[in-house]
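*Asks:*
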Amino acid sequence: MAVSTADNVKKFTSKQLRRFSRMGFDWNMVLILIFLLGFGLIMVYSASSYVAARDHMGNQKYFLSRQAIADLIGIVGAVALMFVPHRLYNKVWFFPILFYGIAFLLPFLTIPFGISSHGASRWIEIPGTGFNLQPAEVSKLTMILFMAWWLNKYKNNINTWKYFGISMALPLPVCGVIYIVTDNLSSAIIIFAISFIMVFVVSRDYLKTLAVVGVVGIIAIIVIAYVQNTDISESGFRLARIYSWLHPENSSDTTAHQTIQSLYAIGNGGVWGRGLGQSIQKISNLPEPHNDMIFSVICEELGIVGAITLIIMFILLLSRMFFIARDTRDTYAFLLVVGVMAHITVQVVLNIAVATNSLPNTGVSLPFISYGGSSVCFLMADMGVVFEINRSNRAEVRK
Amino acid sequence: MDKDREETTNKRQSVRPRLSNGQNRQIKLGVFMAVSILLLGALAARLIYIVKVHGTEYQKAVLQNQSYDSVILPFKRGDIVDANGTILATSEKVYNMVIDASVMLTHEDHRYLDPTLTALENCFPSDLIDVSSIRYYVTNNENSRYYVVARRLSYSEISDFLAVQSENDFVKGVYFEEEYKRIYPNGSLASTVLGFTRKNSNAEGQYGLEEYYDDILTGTNGREYGYQNDDETLERTVKAAIDGYTLHSTIDANTQKIVEKYLREFNEKYKNNARTGNGAENVACIIMDVNNGEVKAMANYPDYDPNDYKNITPLIGTQLIEAYINPNGYTEYETTDTPISEELIYSLSDEQLNINFSSLWKNYCISNTYEPGSTAKPFTVAAAIEGGSILGNEVYTCNGYLEVGGHKIKCHTYASGGDGAVSVQDSIAWSCNVALMKIGQAMGKEKFCQFQRVFNFGLKTNIDLAGEARTASLIYNSKDMLPSDLATNTFGQNFNVTMIQMMTGFCSLINGGYYYEPHMVNKITNASGATIENIEPRVLKQVISETTSEKLRSYTRATVMEEGGERRTGKTARPAGYAIGGKTGTAETLPRGNKEYVVSFIGYAPADDPKIAIYVVVDRPNVTKQDDAKLATTIARNILTEVLPYMGIYMTEELSDAEIKELEEKQLENTYRVTNETEVHTDVDKEEYVTDGEIIDSTGESANIYPKWMTYPVDPVTGYRINPDNGEKYDASTGELVEDVNESMGLDVPVNGNLSTAQRSDNSGN
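As you go down the protein sequences, you meet chains A and B in turn. Under our numbering, the residue at position 38 of the first sequence is numbered 38, and the numbers go up by one with no gaps. Under our numbering, the residue at position 714 of the second sequence is numbered 714, and the numbers go up by one with no gaps.
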């Protein structure tokens, strides 16, 4: 009796699994995501336990448990979106306007419902939950959806300067709102970069995109030159950040504190790292080790071996999405997958670039790893959309 | 292949590309992917570069930064408790608010700044925390990690903020450092005995017990720190703080309260009387256990509140002390005739204030010297009898003065023509200077000076309090002593003493000649209550024989009681219902002829079985006629009337109607005793009581009822009280029935067979 029941269970599960996999379930990507989320939880715990115990009445797991809840919400959301056909986003006529509207208007909610009573805030308090929502993360997702619609619709006109210009200008109001209202330059840059990459992949030539890269590059050179030749003590903190990026050793006691401490952490970790949980820098020198500076803690505890392993995991994730994008039959789905890829790539590159002082210090979280509920939830939503596109790819193959 | 061809075609016809949308986007996707991998690869290379080139340098920098990571855990300064365990001084944990600006400004948008400041604004009153100044500081010192905003907040003051901080992720950059604050729950009670700590911190005791026992009360700070172990991994270690030891003082807070009440009452009565200012320059009192040197109460007025020792109010009414440079170039201090008024005090410089404060903080009972006057007479007589110079049956004639060395030295009866025939007892009872001078002449200066040293005059008593005065230069050497010096010394003029010297010496005269080292502390325990040290009474020497002591007891008794006759000087000191002995003193201060006096009374009770001694000194009372010992005897009488019943000493004398009435009035305000009795009753209500037969007066009614076990004899081997009827053992101090360990375990051998019986009895004695 018992044996046959067990056999039944075995048969049942394997049958289910086969069916599930036929539904277009990308097991490789699932494993990579499980690895990233699990690794993220471990590193958040390791990086934050000391700070949590200090700031939250001895509760070492404060950030860990909050992050675990956010991860679960994200997984549930991703599974749900896996069954929402992506064409739906494109079908209802007012959806694109809605997406753009959310991206543009949601940041304004931080003014009446923000965490702080006056001044800029990046968060909206969700009443009764103890959790906060970062509108910029929502904007990233809805802008991907909007830009995919727009570029799909005008994919044949994109090669004209007019439509190229319009496409590049569309994200600017959203970026402006996020920068001005929530004082969040990094998210504004990320949204612009995602849009730019999406325009790049549909446009037929390289000239226009190179022109954009050129303009951005020239502006950067002008700013750097300006910073090099002026006294920055009177200017704002952004210029000071650029100065400290150029001269971290000169300003190690001022604005470059975080950056130089991050470099110390990387140096201290060496090749093999100090061992999990053994970071010294997280205790007091990296102000929020579980957040934007988590990569430094990873370097210190797991060495460049651990850090490069993590980078390889991100490359594997990107390559999975690369194949999904390649297999798409319609440009809209293709654009959605590229948007998600761009989102993850830009954040990973910016985060690691800041940690290694390759770019001026700006707060960008490391996808799936850094502490932050909004970030992980909407990244998982992104992934849910990608999983669904993979399913529909397979479904079309079977047809 | 097909794709490649398409691509080359595309390049050739660059003006109008012919690629399909699908092909184009595959290429673009490839480019994007390649660039991404390239960037990530570059960053990985950058990581390797950082570690290879700067690894060692950065590693060193991290190790050098370790000092950040060490938190001091403060110790708690030991408590000071009285004989009944009442807390006289303790330490309370308080919190300093520290702002970490760099944490508040962590992100470029300063997302923590406003929520944190708002939380501070909501949780603290605006007079305590000025949020706008914090904002100014934080924004101008963005790398500051340690800025103390408010000190010594209590837990209840910060608890609201802690709750907000734990709920709101955006409240950051504020933390609290623990510290201890010294607290004296009874305010000024025993202030000059206790002393205080600098800035009411947990270290640096100043004056009194706090200074004398500073190293005992001070513990060791703990530390929480991280360090590198042999494997170069970071270890966190907490080295707990070791709290200071607790002092168990011999002071009885209730007795002390009674004493201070009457000193204060005296001041209230006489302040601004003959002159502006306090009721006396100093008025002080010591109560000591005659049989072991334990100080039961020690107080002086003016005193101060050690919780707020820099408060100027107690200075008002004292005589202004000024510093001046003497001809030898040294700074000296002089008490002026100017009383400090409220107007004057605000005109004083900080330096002048400090001079006056240090005088205020001094303990008059041990730090000030004065001429004792006639209270020294019992010492002279005791020395003469003990030294064999007189027998005690001599009779002297006093006609009001004696001419010594060309000086005409008067007796206080000079105006009325002298005392006439004076026995040795009368010489003390009537305080006859002439008789004393004659006794002194009979002794000679060598013997007199020798006995002064026997009685420890000129030497420190080594009482366990900081600031005992040196008096070595304030008494005579026999070789420098002129006959007139000897004459005046016999009745307590021309040499200086401290109150504690007089008190300790007087106890030895009364208790059979045993000179005990006076002490304030009899036990030291650690923070968890285990005994570290028991300070046993210490007999330093036997100064006189028991027979001499017995004579002195009867002489001093005659000074107060009826047998001294109508001319006895101490009758006003007798408390209703008690027989006591004592001696008054009236000493003229320097310069002579100013009509300024130190009046005093030294005595013991009860007269037939001395238990406590009392010494009251009134230094320059604020009255027109200062040479009136009644000022001191009244205080002594008032104190004894309340203290003796409180100590459970029973009345032996019949009460007159007036005295009964007085006691009835007093009983109303004599609350200490009433509360104490109720406690005793509730504690041991199940026990059997016996009634002592000695009671005369209804006021002592319940004091004579005590549990039956207290009547059982103490077993010298075990230290338990043993019921002679059935052999049951009781703990000698608590009365708890003690189970016999050996019997209950069914063993015949001692628990530790290695110990001999003698050793075991030693142990149990401890």
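By construction, the Cβ of each residue, glycine as well, lies at the ideal position given by its N, Cα and C atoms.
Helix, strand or coil: which one does DSSP assign to B/Met298?
*Replies:* Of the three classes helix, strand and coil, the one that applies to B/Met298 here is strand, per DSSP.
*Asks:* Output, in chain order, the set of chain A residues within a Cβ distance shorter than 9 Å of B/Val148.
*Replies:* Going along chain A, no residue has its Cβ under 9 Å from B/Val148, so there is no contact; the nearest lies around 18 Å.
*Asks:* Buried or exposed for A/Gly303, going by 16 or more other Cβ atoms inside 10 Å?
*Replies:* Buried: at least 16 other Cβ atoms inside 10 Å.
*Asks:* Residue ranges of each alpha helix (DSSP H) run of no fewer than 4 residues wholly in the segment 15-74 of chain A, ordered along the chain?
*Replies:* Runs found: 27-55.
*Asks:* Which chain B residues sit within Cβ distance under 7 Å of A/Glu288?
*Replies:* What A/Glu288 touches in chain B: Thr106.
*Asks:* At a Cβ cut of 7 Å, what residues of the segment 31-42 of chain B count as close to chain A, listed as they run along the chain?
*Replies:* Taking 7 Å as the Cβ-Cβ cut-off against chain A, the residues of the segment 31-42 of chain B that qualify are Phe32, Met33, Ser36, Ile37, Leu39 and Leu40.
*Asks:* Give a yes or no on whether the C-beta atoms belonging to A/Pro289 and A/Thr182 are separated by under 8 Å.
*Replies:* Not closer than 8 Å, so no.
*Asks:* Would you call B/Thr276 buried or exposed, if buried means 16 or more other Cβ atoms sit within 10 Å of its Cβ?
*Replies:* Classification for B/Thr276: exposed.
*Asks:* Does any residue of chain A bring its CB to less than 8 Å from the CB of B/Leu29?
*Replies:* Yes, because at least one Cβ of chain A sits closer than 8 Å to the Cβ of B/Leu29.
*Asks:* By alpha-carbon positions, which one of B/Val53, B/Val422 and B/Glu265 ends up nearest to B/Arg568?
*Replies:* Checked all of B/Val53, B/Val422 and B/Glu265; the closest Cα to B/Arg568 is B/Val422.
*Asks:* Sort out for me which residues DSSP pairs B/Arg223 with in a bridge.
*Replies:* Per DSSP, B/Ile72 and B/Lys239.
*Asks:* Check the Cβ of A/Leu318 against every Cβ in chain B and list those closer than 8 Å, keeping chain order.
*Replies:* Going along chain B in sequence order, the residues near A/Leu318 (Cβ under 8 Å) are Met33, Ser36 and Ile37.
*Asks:* Just checking: is the beta-carbon of A/Met82 within a distance shorter than 8 Å of some beta-carbon in chain B?
*Replies:* Not an interface residue.
*Asks:* Measuring only the C-alpha atoms, how far is B/Gly208 from A/His56?
*Replies:* Going from the Cα of B/Gly208 to the Cα of A/His56 covers about 43 Å.
*Asks:* With burial defined as no fewer than 16 other Cβ atoms inside 10 Å of the residue's Cβ, what is the status of B/Thr531: buried or exposed?
*Replies:* Exposed.
*Asks:* Quick one: using the 10 Å Cβ neighbour count with 16 as the cut-off for buried, is A/Thr129 buried or exposed?
*Replies:* Looking at its Cβ environment, which holds fewer than 16 other Cβ atoms inside 10 Å, A/Thr129 is exposed.
*Asks:* Please return the same chain residues whose Cβ sits closer than 8 Å to the Cβ of A/Leu246, not counting the five positions on each side in sequence.
*Replies:* Within the same chain, A/Leu246 has close Cβ partners Ile224, Val227 and Gln228.
*Asks:* Got a sec: is the Cβ-Cβ distance from B/Lys172 to anything in chain A below 8 Å?
*Replies:* At least one chain A Cβ lies under 8 Å of B/Lys172.
*Asks:* For a contact meaning CB atoms closer than 9 Å, what does B/Gly55 contact in chain A?
*Replies:* Correct list: Ile266, Gly267, Asn268, Gly269, Gly270 and Val271.
*Asks:* So, is the C-beta of A/Thr129 closer than 8 Å to a C-beta in chain B?
*Replies:* No, A/Thr129 does not count as interfacial toward chain B.
*Asks:* Provide the residue(s) that pair with B/Gln319 in DSSP beta bridges, ordered along the chain.
*Replies:* Bridge partners of B/Gln319: B/Pro339.
*Asks:* Got a sec, what are the start and stop residues for the beta strand (DSSP E) A/Gln281 sits in?
*Replies:* That residue, A/Gln281, is in no beta strand (DSSP E); its alpha helix (DSSP H) goes Gln281 to Ser284.
*Asks:* Give me the subset of the segment 137-167 of chain B whose CB atoms are less than 9 Å from a CB atom of chain A, sorted by chain position.
*Replies:* Listed by position along the chain: Glu142, Asn143, Arg145, Leu162, Gln165, Ser166 and Glu167.
*Asks:* What residues match up with B/Arg637 in a beta bridge as DSSP calls it?
*Replies:* Paired residue(s): none; B/Arg637 is not in a bridge.
*Asks:* Kindly say whether B/Arg25, judged by its beta-carbon, lies nearer than 8 Å to any beta-carbon of chain A.
*Replies:* Yes, B/Arg25 lies at the interface with chain A (some Cβ there is under 8 Å from its Cβ).
*Asks:* One question on the structure: do B/Ala297 and B/Val259 come within less than 8 Å of each other, judged by their Cβ atoms?
*Replies:* Yes.
*Asks:* Along the alpha helix (DSSP H) that carries A/Val340, what are the first and last residues, could you check?
*Replies:* Here the alpha helix (DSSP H) through A/Val340 covers Thr331 to Ala355.
*Asks:* Taking 8 Å as the threshold (C-beta atoms), are B/Thr375 and B/Ile602 in contact?
*Replies:* The answer is yes: Cβ separation under 8 Å.
*Asks:* Report the three-state DSSP secondary structure of B/Phe196 (helix, strand or coil).
*Replies:* Of the three classes helix, strand and coil, the one that applies to B/Phe196 here is strand, per DSSP.
*Asks:* So with Cβ pairs under 8 Å, would you call A/Met57 a contact of chain B?
*Replies:* By this cut-off, A/Met57 is an interface position.
*Asks:* Helix, strand or coil for B/Ser201? Go by DSSP, reduced to three states.
*Replies:* Here B/Ser201 sits in coil by DSSP.
*Asks:* From the DSSP output, in three-state form, read off B/Gly585 for me.
*Replies:* Looking at B/Gly585 - three-state DSSP - the assignment turns out to be strand.
*Asks:* Classify B/Ile325: buried if its beta carbon has 16 or more other beta carbons within 10 angstroms, exposed otherwise.
*Replies:* Exposed: under 16 other Cβ atoms inside 10 Å.
*Asks:* For A/Tyr45 versus A/Leu64, is the C-beta spacing smaller than 8 Å?
*Replies:* Yes; because the gap between Cβ atoms is below 8 Å, this pair is in contact.
*Asks:* Under 8 Å, do A/Leu170 and A/Ser187 count as touching if we go by C-beta distance?
*Replies:* Against a cut-off of 8 Å, the Cβ pair of A/Ser187 and A/Leu170 comes out as no contact.
*Asks:* Between the beta-carbon of B/Ala576 and the beta-carbon of B/Leu655, is there less than 8 Å?
*Replies:* Yes. Within cutoff.
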